[in-house]
Structure formats: C-alpha cells, structure tokens
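A.B. asks:
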Amino acid sequence: MHHRPPSHLRIASHVELISLIVMLANVFTVHIESISSLMGPAHGCAYLFVVIATARLRQAPTTVKMLALIPGVGGLLALRQLDRFGPARDNTEEVILS
Amino acid sequence: MTKLFLSLHVLAAIVAVGPVTVAASMFPAMLRRALGDSGDGDAWTTLRTLHRICRVYAGVGIAVPVLGLATASSLGVLGEVWLITSILLTGAAAGVLALLILPAQDRALAAPAGSASPLPAPTPWTPGRLAMVTGIFNLLWATVTVLMIIRPGSTTGV
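Protein chains in written order, with the numbering used here: chain E, 1 to 98; chain B, 1 to 158.
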C-alpha cells in the first residue's frame, strides 16, 4: 500500500533539520529570544514525530528506525534509506500477504 | 511577541482540536450505523470524511503544543506544576489520538474493502471500544483546557 514513505514523514523530517539550522543560526548571530522560543518546541515536536512515525511504519526495517533517532538529520537519513529499499521490501510483503 | 504566540496558540487549539473532538465523537456512532446496514453507502462516505477531518486536523493540531511551549518559554513559566501536568496530559492525549484512535479508524475503514482477502487483517475495533477511547481523548483535552484556565498555583496574571 505504501510504496513511498508517507508525506507526513517527509514534511516532519524537513522541519526537523530546517528548525535546527534556524535555531543554531539564530544563537550564533542575532539571538532573538522569540525565535528560540518558537523554533525550540518546533524542532522537538518534529523530532518526536519523526521517531514515532518511523517506528510505526510497517515496511521500515530496524536500521531505519534506529537512523531516525539521530538528532537533526535522522529523519532525512531514514527517508533516504526508505526511498532506496522501501519499494522492494514492500513488494515482498505484498507477495507474502497474497 | 508573547501575546502573539498566546493568541495563535488559543486560535490553533480552537480551530484544530475542536473539529477533531467532534469528528472523532461522531465516528463510532456512524460506524455502528454503517455496520448495521451494509448497503448503506452514504454512511461509509461519511465515515471516510470524518476520518479525513480527524487526520488532517490532528496534523494541524501539532501547532498547538508548539505555540504553547513557545508562549510558556517566553513567559518563563515552563517549570510550573500546572504547566508540566498539562504537558504530560497533552502528550497522553496526542498519543491516544495518533497511536490508538487514528489507526483504529483506519482499520475500521479498511475492513469492508479487504474482507475478500483470505488472510484476515488485524481485527478492527468494535464501535463501542472506539467510542470509549475517543471519550478518554475528549476527557484529557477537557482537563487540559480547565488546567490552562484555572492554572492552580500560578502567580502570573496573564
């Protein structure tokens, strides 16, 4: 059913990395408090979302679930692995089911 | 900036959580009707719409804790007991919604389509069980809302 990783995982992975970059850039340059206040929770929520969403993907092997735990880039790394191996794995699963 | 965060937080809570509670509460009753009368195509269409509302607005609802934490951190109240309790309860509510209700709705919708396959899919929950879990979700949200208004032990007048 899922030939590609779901789009919500894709969005959350990008939010995870972009919010981290914005946060670090903010800390090392202008350091506006409200940007830290907003980006901190956004990054945390995106990270949790990516970890939980990947853990619940039926076609994801354990390696991918572990990759998603890496802070910052874990979601994108997991997506890359899913894009590479996901479709083949998914097909075998369908064969088993049918 | 705090006032902007707080306004957006309340707005997101009303706009996102409201539809989810209503649609999720209507789902079990509609599911009961759809299961009782298998020829009722309208009921299944409604179920799909209700599930879509739950799924989409649950996604929008992520803005609520994000903006809430932003507000709390700019107010400097992150260590207060009422807030920590609310965060834990919100986490529980989000877990119930994303890990129990939405997958259960998914299975309930997939059941009639996949009934032809010889291998049984995971058995969908009965409407009663789904209604119970949805009730727990609504109760958790109501508790958080009350905590947000009463704020026991809070000293800020905001």
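Backbone N, C-alpha and C fix where the C-beta goes; we use that ideal spot for every residue, glycine too.
Quantities reported herein were computed from a predicted structural model and do not represent experimental measurements.
#1: At 8 Å on the CB atoms, spell out the chain E contacts of V66(B), in chain order.
#2: Measuring alpha carbon to alpha carbon, tell me which residue in L100(B), L6(B) and V15(B) is nearest V56(B).
#3: Quick one: is H104(E) near chain B, going by C-beta distance under 8 Å?
#4: What residues of chain E sit near G59(B), judged by a beta carbon separation below 8 Å?
#5: Beta-carbon within less than 7 Å of V64(E)'s beta-carbon, same chain only, minus the 5 sequence neighbours each way: which residues are those?
#6: Let me know the secondary structure DSSP gives G68(B) once reduced to three states.
#7: Report the three-state DSSP secondary structure of R58(E) (helix, strand or coil).
#8: Rounding to the nearest angstrom, what Cα-Cα distance links A29(B) and C54(B) in this structure?
#9: Use the C-beta contact count for I118(E): other C-beta atoms within 10 angstroms, 16 or more gives buried, fewer gives exposed.
#10: For the 8 Å Cβ check, are there 3 or more pairs between the region 31-47 of chain E and the region 11-20 of chain E?
#11: Is I62(B) helix, strand or coil when you go by DSSP?
#12: Name, please, each residue of chain E whose Cβ falls closer than 7 Å to the Cβ of M1(B).
#13: Can you say whether T90(B) is buried or exposed, counting buried as having 16 or more other CB atoms within 10 angstroms of its CB?
#14: Would you call A142(B) buried or exposed, if buried means 16 or more other Cβ atoms sit within 10 Å of its Cβ?
#15: Determine, using beta carbons only, whether A111(B) comes closer than 8 Å to chain E.
#16: Which bits of chain E does A70(B) rub up against, with CB to CB less than 7 Å?
#17: Compare the C-beta of I62(B) with all C-beta atoms of chain E and state if any pair is closer than 8 Å.
#18: I think H8(E) touches G59(B), with their Cβ atoms under 8 Å apart; what is that distance to the nearest whole Å?
#19: So the candidates are L99(B), L69(B) and D37(B); which of them puts its Cα closest to the Cα of H9(B)?
#20: So with Cβ pairs under 8 Å, would you call S7(B) a contact of chain E?
#21: Between the C-alpha atoms of K3(B) and Q59(E), what's the straight-line distance to the nearest angstrom?
C.D. replies: In short:
#1: Your numbering for residue 66(B) matches position 66 in the second sequence. Simply L38, P41, A42 and C45.
#2: Counting from 1 along the second sequence, the entry for residue 56(B) is found at position 56. If we check each option's Cα against that of V56(B), V15(B) comes out closest.
#3: Examination of residue 104(E) is not possible in this model, given that chain E is present from 1 through 98 alone.
#4: What you label residue 59(B) is simply residue 59 of the second sequence in a count that begins at 1. Neighbours of G59(B) on chain E, chain order: H8.
#5: To locate residue 64(E), count along the first sequence from 1; it is residue 64. Excluding sequence positions up to five before and after V64(E), its CB lies within less than 7 Å of the CB of T54, A78, Q81 and L82, all in the same chain and listed in chain order.
#6: Along the second sequence, read from residue 1 onward, the residue named residue 68(B) stands at position 68. Of the three classes helix, strand and coil, the one that applies to G68(B) here is helix, per DSSP.
#7: Locating residue 58(E) in the first sequence gives position 58, counting from the first residue. In the structure shown, the three-state DSSP call for R58(E) is coil.
#8: What you label residue 29(B) is simply residue 29 of the second sequence in a count that begins at 1. What you label residue 54(B) is simply residue 54 of the second sequence in a count that begins at 1. Using only the alpha carbons, I get a separation of about 15 Å.
#9: Only positions 1 to 98 of chain E appear in the structure, and residue 118(E) is not among them; the question remains open.
#10: yes
#11: Position 62 of the second sequence, counted from the start, is the residue given in the question as residue 62(B). Coil, per DSSP.
#12: Residue numbering aside, residue 1(B) sits at position 1 when the second sequence is read from its first letter. By Cβ distance, chain E contributes S34.
#13: For this step, residue 90(B) is matched to residue 90 along the second sequence. Per the 10 Å Cβ criterion, buried.
#14: As a position in the second sequence, residue 142(B) is number 142, starting the count at 1. Flag for A142(B) reads exposed.
#15: Residue numbering aside, residue 111(B) sits at position 111 when the second sequence is read from its first letter. Taking Cβ atoms only, chain E never reaches closer than 8 Å to A111(B), which makes this a no.
#16: By one-based count along the second sequence, residue 70(B) stands at place 70. Within 7 Å Cβ-Cβ: S37, L38 and P41.
#17: Here residue 62(B) refers to the residue found at position 62 of the second sequence. Answer yes: the Cβ-Cβ gap between I62(B) and chain E drops below 8 Å somewhere.
#18: Counting from 1 along the first sequence, the entry for residue 8(E) is found at position 8. Counting from 1 along the second sequence, the entry for residue 59(B) is found at position 59. So it is a contact: roughly 7 Å between Cβ atoms.
#19: In the second sequence, counting from the first residue as 1, residue 9(B) sits at position 9. Here the closest residue by C-alpha is L69(B).
#20: Counting from 1 along the second sequence, the entry for residue 7(B) is found at position 7. No, because no Cβ of chain E sits closer than 8 Å to the Cβ of S7(B).
#21: What you label residue 3(B) is simply residue 3 of the second sequence in a count that begins at 1. What you label residue 59(E) is simply residue 59 of the first sequence in a count that begins at 1. Rounded to the nearest angstrom, the two C-alpha atoms are 44 Å apart.
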